[in-house]
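This report concerns only the one structure given below.
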Amino acid sequence: MFFYTGLVVDYLKNYMKTRLTYRSDFWIEVLSDLLFNGLNLFFILVVFGHTASIDQWNEQQVLFIYGYFMVPYGIFISFFNLWNFSEKYIVKGEMDRILTRPAHNLVQLMLENMDPSSLFSALVGLLIMCFTWPQLGLDFTWSDPFLFLLLVFGSILIYAGVYVFFTALSFFSDAPTGITALLWNLQNYGRYPMTIYNGVMKFALTWVLPFGFVGFYPAAYFLDRENWGDFALLTPIVGVVFFSIGLAVWNYGVKRYRGAGS
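Each residue of the sequence shown is one higher than the one before, starting from -6 at the first, in my numbering.
What follows is the structure, given as structure tokens:
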């Protein structure tokens, strides 16, 4: 544990040294992320400029869901930046180098590709939640911060499990799968109420690719505890299950990997 903690600290130091050398690039990256999130927020505001509610969910409630959605996503993308894994590590053979390092290969990949600037997205999401919470008149109890952290942790595990699973498919293919782009589009459905989708879509976003648990379901715990509270608490359980599956497939893929020259 101390070994991995030391690695994280060392990589963060190197990251900060690099970013302090090229500060303009860092702030441009942060600004681009904030602008992208701002456009999504603007879209929600435009929609509610034409209607008072969407399937009984009002503007403040949808904004609250979107705010929660941004928190685990911002943290996840900061440490699981595996978008170009197939091209960089399989096609170009960089995976050979990763496997010679003492740390677990997945941890090593996370450290090499982490992007802490994306944490600003999580911060903005938290601010949106704090802004809409009093407007919605939501109750606040001493356990809410702890439950919030538990739910966010579960959502991050879901992200990690799904993306690690599909990234691991690169070990079984000689060409880039391109599936991460599709996943990115599907995950965005999780920032809206699941009740607006048909039965098939709702089932898929709950149990197949459970992106409903990275946005709506855990956020609904605070919005409507009576109707959604118990179901929302499945978030960490679903997270552990899907991350375990993703990690198992990843480890199997690594064992199957034969190197760039084979």
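Glycine is no exception: its CB is placed at the ideal position from the N, C-alpha and C atoms.
Using the Cβ count rule (16 or more neighbours within 10 Å means buried), how would you classify M88? Working through the sequence shown from its first residue, we reach residue 88 at position 95. Answer is buried; the Cβ neighbour count reaches 16.
Would you mind giving the Cβ-Cβ distance between D277 and S111, rounded to the nearest angstrom? I have them listed as a contact below 8 Å. The structure shown does not extend to residue 277, since the chain is modelled only from -6 to 255, so the question has no answer here.
Grab the span of the alpha helix (DSSP H) containing Q180 for me, first residue to last. For this step, residue 180 is matched to residue 187 along the sequence shown. Annotation: the continuous alpha helix (DSSP H) that includes Q180 extends over I172 to Q180.
Touch test, the region 57 to 74 against the region 126 to 146, Cβ-Cβ under 8 Å, three pairs minimum: yes
Simplified DSSP state of W126, which is helix, strand or coil: Here residue 126 refers to the residue found at position 133 when the sequence shown is read from its first residue. The answer is helix: DSSP assigns W126 an H, G or I state.
Taking the continuous alpha helix (DSSP H) assigned at R90, which residues delimit it? One-based indexing of the sequence shown puts residue 90 at position 97. M88 to I91 is the span of the alpha helix (DSSP H), which, as asked, contains R90.
Nearest residue (CA-CA) to I172, options F164, T160, R251 and P211: The sequence position of residue 172 within the sequence shown is 179, counting from 1. Of the listed residues, the one whose Cα sits closest to I172 is T160.
Host alpha helix (DSSP H) of S79 (start-end): The count along the sequence shown starts at 1 and reaches residue 79 at position 86. Careful: S79 lies outside any alpha helix (DSSP H) and carries neither H nor E.
Based on the DSSP secondary-structure assignment, which residues constitute the bridge partners of N51? Residue 51 sits at position 58 when you count from the first residue of the sequence shown. According to DSSP, which records beta bridges pairwise, N51 is partnered with S46.
Cα-Cα separation, Y214 to F141: For the purposes of this step, residue 214 is taken as the residue at position 221 of the sequence shown. For the purposes of this step, residue 141 is taken as the residue at position 148 of the sequence shown. Rounded to the nearest angstrom, the two C-alpha atoms are 9 Å apart.
Residue nearest to L175 in terms of C-alpha spacing, selected from K6, L202, T228 and Q53: Counted from its first residue, the sequence shown places residue 175 at position 182. Measuring from the Cα of L175, the nearest candidate turns out to be L202.
Do Y182 and F158 count as a contact pair if the criterion is CB distance below 8 Å? Walking along the sequence shown from the start, residue 158 turns up at place 165. Walking along the sequence shown from the start, residue 182 turns up at place 189. Cβ atoms of F158 and Y182: not closer than 8 Å.
Rounded to whole angstroms, what's the CA-CA distance from V1 to S71? Just pull it up for me. For this step, residue 1 is matched to residue 8 along the sequence shown. For this step, residue 71 is matched to residue 78 along the sequence shown. Their Cα atoms are separated by approximately 12 Å.
Between which two residues does the alpha helix (DSSP H) holding S17 run? Taking the first residue of the sequence shown as 1, we reach residue 17 at position 24. Here the alpha helix (DSSP H) through S17 covers R16 to F41.
For M103, does the count of other Cβ atoms within 10 angstroms reach 16, so buried, or fall short, so exposed? As a working mapping, residue 103 is identified with position 110 in the sequence shown. The residue in question, M103, is buried, as its Cβ has 16 or more Cβ neighbours within 10 Å.
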